[in-house]
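Visitor:
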Amino acid sequence: MKIGVVSDSLGHLPFEEMLDSAASLGIEGVEINAANWTAAPHLDLPGVLASAEKQRQFTRAFAARGLDLIALNANGNQLHPTEGERQSAALHDTIRLAGALGVDTVVLMSGLPAGGPDDRTPNWIISSWPPETQTILKWQWEEKLLPYWRKLASFAETQGVKKLCVEIHGNQLVYNVPALLRLRQEIGPIVGANLDPSHLMWMGADPLAAVDALGEAILHCHAKDTYLNKPRQAVTSLLENGSLTDIAARSWSYITLGFGHPEGWWRDFCYRLRLAGYDGWLSIEHEDVILSRIEGLRRSVDLLRSAAPIEASDFKLQAF
């Protein structure tokens with residue numbers, strides 16, 4: 001496995017300084033936030049897409065530092081009832097640029113549409129009662145999600161993108177393992193999981209069990225931890241909508257690797273990934289509001305160096 005970083009983790013730095021910092025920390029590759037839920041400080045998507053020379057300059061900046069360009073990330077809600085058209089256009093441009101750069105991996109969300117044709121806000125259904133929830137879900141999947149994704153997958157294939165890595169994330173239609181596997185079955189193997197264990201942690205799932213259940217459907221991994229504030233959780237549950245910056249008051253918060261779950265947990269996670277056949281990137285996503293970005297990344301890199309297998313197996317049974 002290789003250690004990467006999501007570029008917004010160093011969003012306070014200009015592009016070249018971000019790459020320098022990543023390389024100095026021992027990070028081997030960078031996943032670039034390109035569009036939608038990002039200010040995209042490291043990529044002028046329209047400008048680079050329109051210029052072959054800017055594309056060459058962009059990729060040379062990685063090569064000069066011995067870094068890989070892992071993926072482009074366009075996380076957002078391309079099925080939003082009022083903002084979806086704009087976000088979908090940015091996603092399609094991200095896929096175009098990935099193809100032009102020779103990057104075969106795009107990270108994105110599934111999208112979350114409204115609850116019906118006349119609604120103007122997304123509707124996340126996470127219960128089976130009252131009965132209209134099932135009507136909403138059926139409409140969201142059959143009328144919005146699946147038609148959109150069939151077209152998106154076909155478009156990605158024409159651009160040379162081989163992996164559409166869907167982040168299993170709350171407030172999206174694909175927020176758990178069964179939903180990801182359903183989308184993959186409906187659309188095809190170009191669709192798979194961007195497995196970020198931190199989201200499963202706060203939703204009460206077990207990321208280790210998710211690895212086993214997803215298997216070859218895991219196409220990419222984010223490395224991010226979650227702190228579960230047990231006393232607060234006992235009162236409010238894990239359904240948390242308080243301020244992201246008021247850590248003490250929240251039942252859960254994103255945190256630097258090792259501060260939510262110990263190194264032993266991460267070693268188990270990485271080993272299970274290898275057992276499932278995944279030997280790809282562990283892309284660190286720093287969203288800890290307490291630790292500095294550099295300290296958080298340094299600690300995360302150190303933990304992953306200890307926890308993640310690096311070399312290919314050379315074990316063979318002896319003949320006797």
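For the sequence shown, the residue numbers in the UniProt record's numbering are 1 to 320. All residues carry an ideal CB built from backbone N, CA and C; glycine is no exception. This one's a predicted model, so the numbers in the text were calculated from it and none came from an experiment.
Spatial neighbours of G258 within its chain, please: C-beta separation below 8 Å, excluding the five flanking residues on both sides.
Guide: D225, W266, R299, S300 and L303
Visitor: List the DSSP bridge partners of E31.
Guide: V6 and A71
Visitor: Checking the sheet assignment: what are the DSSP bridge partners for E167?
Guide: N194
Visitor: Among the candidates W252, Q318, D196 and L180, whose CA atom is the shortest distance from the CA of E240?
Guide: W252
Visitor: Kindly indicate which residue of R274, Y271 and A308 has the alpha-carbon position closest to the one of I284.
Guide: A308
Visitor: Alpha carbon to alpha carbon, how far is G215 from A276?
Guide: 5 Å
Visitor: Starting from W252, follow its DSSP beta bridges and name the residues at the other end.
Guide: L228
Visitor: Roughly how many whole angstroms lie between the Cα atoms of H199 and V166?
Guide: 13 Å
Visitor: What is the DSSP secondary structure of H92, reduced to helix, strand or coil?
Guide: helix
Visitor: Can you give the Cα-Cα distance for D288 and L195, rounded to whole angstroms?
Guide: Approximately 19 Å, taken between the alpha carbons.
Visitor: Can you tell me the Cα-Cα spacing of P113 and Q172, whole angstroms?
Guide: 9 Å
Visitor: Grab me the residues of I255's own chain with a C-beta within less than 6 Å of its C-beta, minus the 5 sequence neighbours each way, in chain order.
Guide: D225, Y227 and D288
Visitor: Compute the Euclidean distance between the alpha carbons of L91 and R184, then round it to the nearest angstrom.
Guide: 19 Å
Visitor: Which residues in the same chain as D68 place their Cβ atom closer than 8 Å to its Cβ, once the five residues preceding and following it in sequence are excluded?
Guide: Answer for D68: K2, G4, E28, G29, V30 and F62, listed in chain order.
Visitor: Three or more C-beta pairs under 8 Å: does that hold for the stretch 97 to 107 against the stretch 131 to 148?
Guide: no
Visitor: Taking DSSP as the reference, what is the three-state secondary structure of P262?
Guide: coil
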